[in-house]
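All residue numbers in the sequence shown are consecutive under the working numbering, ending with 528. Don't be surprised by glycine CBs; every beta carbon is placed ideally from N, CA and C. Since the model is a prediction, treat every value here as computed from it, not as a measurement.
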Amino acid sequence: MRRFFTWEYLAVFIPALALAVAAVWFTLRYVKPAPPDSFVLAAASKGSPYYDLALRFKEEIEKKGVKLEVRESQGSLDNLRLLKDETSDVQAGIVQGGLTNHIDAPTLYSMGRLITEPVWFFYRGDASLSSITELKGKRIMIGPEGSGTAALAKRLLDANGITAENSTLIAMQLPDYVDTFAQGGADAGFLVLGPEARTVQRLLHQDGTKLMSMAQADALIQRYPSLTQVKMRQGVVDFAQNIPPSDTSLVSTKAMLLVRDDLHPALLAILAQAVLKVQSQPTLKPTGESKLFALGPESLADDPEFPMIDDATRVYKSGPTFFQRTLPFWLATLIDRAAILILPMIGVVIPLARIVPLLYNWRMRQRILNWYRELKRIEKNLTHKKASAEFIAQKERDLDKVEEAVWRISVPTHLSADLYTLRDNVEFVRRRIVSLREAAAKGAAQVPSVAAEPARVDEPALETGA
63 MRRFFTWEYL AVFIPALALA VAAVWFTLRY VKPAPPDSFV LAAASKGSPY
113 YDLALRFKEE IEKKGVKLEV RESQGSLDNL RLLKDETSDV QAGIVQGGLT
163 NHIDAPTLYS MGRLITEPVW FFYRGDASLS SITELKGKRI MIGPEGSGTA
213 ALAKRLLDAN GITAENSTLI AMQLPDYVDT FAQGGADAGF LVLGPEARTV
263 QRLLHQDGTK LMSMAQADAL IQRYPSLTQV KMRQGVVDFA QNIPPSDTSL
313 VSTKAMLLVR DDLHPALLAI LAQAVLKVQS QPTLKPTGES KLFALGPESL
363 ADDPEFPMID DATRVYKSGP TFFQRTLPFW LATLIDRAAI LILPMIGVVI
413 PLARIVPLLY NWRMRQRILN WYRELKRIEK NLTHKKASAE FIAQKERDLD
463 KVEEAVWRIS VPTHLSADLY TLRDNVEFVR RRIVSLREAA AKGAAQVPSV
513 AAEPARVDEP ALETGA
């Protein structure tokens, strides 16, 4: 019975199989398991701009069959704490710009900037102020304790020499600013909010409350990369009341969407699709007016504080894949993961499937050629005119070993002709030995020739085809 798995075959097949398995194993190391069907995004309190924006993301994501939990928090610093806490289940969060960076939070990556949040310095009094240093010695509201507003306020105030030692810094909820100003409880107030926020609008319209136009805006944005400059043109807030009364320079932060580096790539892709769609929607009010300082999809291109995460960048540049656009989330994910697993099949297994048969054929041809070389060694000196009985007997023993080995060789069908030729040549050499022995027994002077047979065995030119 023919042996299909000879040692020669296994000597070629086993290393090839090991290489294919190694390629698949190496690929699997970089293929994450199937994605979960839900994840958590930290926003802020209900009704805040961050929370409302997160709800828009949630609406788009859940159309794909993935659940997004929008979790309430105390704001940007709380979101940062949750994202940096390895025991927390929060994997994404909206965070005010200017609070931290990738050096302080190396496990966090950006998915782009979402909302423009100007830094508002409101103040009371007869004098017109144009720099933060002029607030020294005054009572300044800096937002709720532990908030992103308070953190940025303290940073900018400290840079201008204003501290709790030389001024009165008041922790205050932002909606309380209006009544505090009206009651004379503060001289200035610092806010980080979008221009559509109700508190900002009330302060802009409040009698006796002024908005500082920052003379050092250019210097601040040069010092702090997270800040940008925005201009409020005269009357843009309220044409009838001419608010603001003149062109006003402000600095602004931009809230960003941060994600942890362990968020599954499939969830990153679906979150990026939702962000891109929401940020690409029109920014017009029902009245046809444009929202002030609204950000479009171009704000998703880069981030000055955190590196952009690659999975999101691919979606922003090229859009979702064909499968992500047309198939349910679970099916598109399955196909994408399968495509990654097929890569080693294409890059390694398929070439191996072509190379292994060629290598096996080469090994079998080499085996036949090796026995030809042994046969030529036996044939050597068979033309001696005088040969001893011991010499002839040794040649016969050597040939018996070759013949036994040759009859055990199993080769593919297309190499059968080469094997049969080898066996014929073994018989040819045997006839020469027999003739030599008979001649020696008769005391012949020379070896008689064998009719129609060549004088020597030559190595054949074996076919090189598979």
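Asked	Found
Identify the residues that DSSP records as bridge partners of Val291: which are they?	In the sequence as displayed, the identity of residue 291 is Gln instead of Val. For Gln291, which the question treats as bridged, DSSP gives the partners Val313.
Where does Ala507 sit, in a helix, a strand or coil, going by DSSP?	At Ala507, the pLDDT of 44 sits below 50, so the modelled position is not reliable and the matter cannot be decided from this model.
Tell me the residue span of the alpha helix (DSSP H) that contains Glu458.	451 to 470
Which ranges does the alpha helix (DSSP H) cover as unbroken runs of at least 4 residues, wholly within the stretch 149 to 222, from first to last along the chain?	210 to 221
Between which two residues does the alpha helix (DSSP H) harbouring Ala250 extend?	Looking at the DSSP string, Ala250 is not in any alpha helix (DSSP H); the run it does join, the beta strand (DSSP E), is 250 to 254.
Quick one: grab the DSSP three-state call for Thr225.	coil
What do you reckon, are the CB atoms on Ala317 and Gln158 nearer than 8 angstroms?	yes
Can you tell me which of the three DSSP states Ala244 falls into?	helix
So for Pro77, helix, strand or coil by DSSP?	helix
Could you tell me which of Ala106, Pro111, Arg118 sits nearest to Lys343, measuring between CA atoms?	Here residue 343 turns out to be Gln, not Lys, going by the sequence shown. Selected option, being the one with the closest Cα: Arg118.
On the CB-based measure, 16 or more other CB atoms within 10 Å of its CB, does Pro306 come out buried or exposed?	buried
For Glu258, which three-state DSSP category applies?	coil
Roughly how many whole angstroms lie between the Cα atoms of Thr310 and Met276?	8 angstroms
What do you get for Arg435, buried or exposed, if any count of 16 or more other CB atoms within 10 angstroms of its CB means buried?	exposed
What number of angstroms, rounded off, separates the C-alpha of Phe183 from the C-alpha of Asn141?	25 angstroms
Is the stretch 215 to 223 touching the stretch 343 to 356 in the sense that three or more CB pairs, one from each, lie closer than 8 angstroms?	no
Give me the Cα-Cα distance between Ala279 and Asn228, rounded to the nearest whole angstrom.	23 angstroms
What are the start and end residues of each continuous alpha helix (DSSP H) run of 4 or more residues lying completely inside the stretch 304 to 382, in chain order?	327 to 341, 372 to 380
Identify whether Ala104 lies in helix, strand or coil by the three-state DSSP scheme.	strand
Note down the Cα distance separating Ala167 from Gly127, rounded to an integer number of angstroms.	31 angstroms
Excluding sequence positions up to five away, which residues of its chain have a Cβ less than 7 angstroms from the Cβ of Leu498?	Leu444, Ala449, Ile454, Val509
Counting C-beta neighbours from all protein chains within 10 Å, is the total for Pro77 16 or more, i.e. buried, or is it exposed?	exposed
Given 8 angstroms as the limit, is there contact between the stretch 359 to 372 and the stretch 164 to 178, that is, 3 or more CB pairs closer than that?	yes
Let me know if Tyr482 comes out buried or exposed under the rule of 16 or more other beta-carbons within 10 Å of its beta-carbon.	exposed
How many angstroms separate the CA atom of Asp486 from the CA atom of Asp398?	58 angstroms
If distances are taken between C-alpha atoms only, which option among Asp462, Leu103, Asp480 comes closest to Leu431?	Asp480
Going by the DSSP bridge assignment, what does Asp300 pair with across the sheet?	Ile305
Closer than 8 angstroms is the cut-off here; do at least three beta carbon pairs connect the stretch 241 to 255 with the stretch 199 to 213?	yes
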